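Q: If you scroll down you'll find the structure; I have some questions about it.
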């Protein structure tokens, strides 16, 4: 949708390549309340507009914004037209389907517990769940987190930019004793102090296998996320080898136009 000068200029170019003599609707209406213009994704019209002279004039209940034809004078401006006319063309905006995000151990801001340190001085902290190596794992112990049935083992993440997440993948250690059985994924729109809101809760993670398990049927958008193991198969702390997210960065390649 043409919410800024650059996008507006691009869409004018695009629609004129397709048909410079046609009117194209742009996904902007005031049919719910006269004079209150809303984009089709329910976002109010902002500071940027490109109305033609004297527009919008609401002539006989014109409620749908459209581009004037490129052959007109003035051309390529916004006009309020009739929503009932079926001879208009459309510019459709669609979002990309997304991809599995490249893991980054620097995402980790905080986690429940003191991580275990082995005899060689290797620390099994939450960053191990994002290092791309299923031979390592997060092992939270101490500070109460190593107690059986603690059920609040969390990792706080900063993805550095807002992302829309729609799938999550978990690799268990495979020993039953420390395999995740249930988890909740939460999001926060602000940094510390966070305002956590549940996005999805899963209670059917299989134990006794190291095979990657994927879970979907959710959608959430935020920069800050918290993954909380709410139950393991034995009640002891989780050993979590890898965690993956599928999503769309809101800052890169947000939309395609058709």
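Residue numbers (the UniProt record's numbering): 1 to 258.
Backbone N, C-alpha and C fix where the C-beta goes; we use that ideal spot for every residue, glycine too.
Small disclaimer: the values here were computed from a predicted structure and weren't measured.
#1: Just to confirm the assignment, what range does the beta strand (DSSP E) spanning residue 157 have?
#2: DSSP on residue 22, reduced to helix/strand/coil?
#3: Drop a sphere of 10 angstroms on the beta-carbon of residue 60, count the other beta-carbons inside from all chains shown, and report buried for 16 or more, exposed for fewer.
#4: Which class does residue 249 belong to by DSSP, given the choice of helix, strand or coil?
#5: Work out the CA separation of residue 21 and residue 192 for me, nearest whole Å.
#6: If you follow the beta strand (DSSP E) that residue 130 is in, where does it begin and where does it stop?
#7: Could you tell me the distance, in whole angstroms, from the CA atom of residue 82 to the CA atom of residue 62?
#8: Can you give the Cα-Cα distance for residue 129 and residue 237, rounded to whole angstroms?
#9: Mapping DSSP to helix, strand and coil, what is residue 184?
#10: Is DSSP giving residue 222 helix, strand or coil here?
#11: On the three-pair Cβ rule with 8 Å, is the segment 211-230 touching the segment 157-170?
#12: Express the C-alpha separation of residue 249 and residue 179 in angstroms, rounding to a whole number.
#13: Report the start-end ranges of each alpha helix (DSSP H) in the UniProt domain "C-type lectin" (1-83) that is 4 residues or longer and not cut off at the edges.
#14: Are residue 186 and residue 198 close, meaning C-beta to C-beta below 8 Å?
#15: Applying the criterion that 16 or more other CB atoms from any shown protein chain within 10 Å of the CB defines a buried residue, is residue 84 buried or exposed?
#16: Considering residue 85, what are the terminal residues of the beta strand (DSSP E) in which it resides?
#17: Rounded to whole angstroms, what's the CA-CA distance from residue 78 to residue 24? Just pull it up for me.
A: Taking the definition as stated:
#1: Counting from 1 along the chain shown, the entry for residue 157 is found at position 157. Run containing residue 157: 153-171, per the beta strand (DSSP E) assignment.
#2: Here residue 22 refers to the residue found at position 22 of the chain shown. Correct three-state label for residue 22: coil.
#3: As a first step, residue 60 must be located in the chain shown, where it is residue number 60. With fewer than 16 Cβ atoms within 10 Å of its Cβ, residue 60 is classed as exposed.
#4: Position 249 of the chain shown, counted from the start, is the residue given in the question as residue 249. In this structure, residue 249 counts as strand in the three-state DSSP scheme.
#5: Position 192 of the chain shown, counting from 1, holds the residue named residue 192. Position 21 of the chain shown, counting from 1, holds the residue named residue 21. C-alpha separation (whole angstroms): 53 Å.
#6: Stepping through the chain shown from its first residue, residue 130 is reached at position 130. No beta strand (DSSP E) contains residue 130, which DSSP labels as neither H nor E.
#7: Your numbering for residue 82 matches position 82 in the chain shown. Your numbering for residue 62 matches position 62 in the chain shown. C-alpha separation (whole angstroms): 5 Å.
#8: Reading the chain shown from its first residue, position 129 is the one you call residue 129. Reading the chain shown from its first residue, position 237 is the one you call residue 237. So the two alpha carbons sit approximately 14 Å from each other.
#9: In the chain shown, residue 184 corresponds to position 184, counting from 1. In the structure shown, residue 184 sits in a strand (DSSP, three-state: E or B).
#10: Position 222 of the chain shown, counted from the first residue, corresponds to residue 222. Residue 222 falls in the strand class under three-state DSSP.
#11: yes
#12: Looking up residue 179 in the chain shown gives position 179. Looking up residue 249 in the chain shown gives position 249. Going from the Cα of residue 179 to the Cα of residue 249 covers about 30 Å.
#13: 5-19
#14: Walking along the chain shown from the start, residue 186 turns up at place 186. Walking along the chain shown from the start, residue 198 turns up at place 198. A contact, by the Cβ cut-off of 8 Å.
#15: If you number the chain shown from 1, residue 84 lands on position 84. Counting Cβ neighbours within 10 Å, residue 84 comes out exposed, since fewer than 16 surround it.
#16: Residue 85 sits at position 85 when you count from the first residue of the chain shown. Neither: residue 85 is in no beta strand (DSSP E) and is coded neither H nor E.
#17: By 1-based counting over the chain shown, the position of residue 78 is 78. By 1-based counting over the chain shown, the position of residue 24 is 24. Rounded to the nearest angstrom, the two C-alpha atoms are 10 Å apart.
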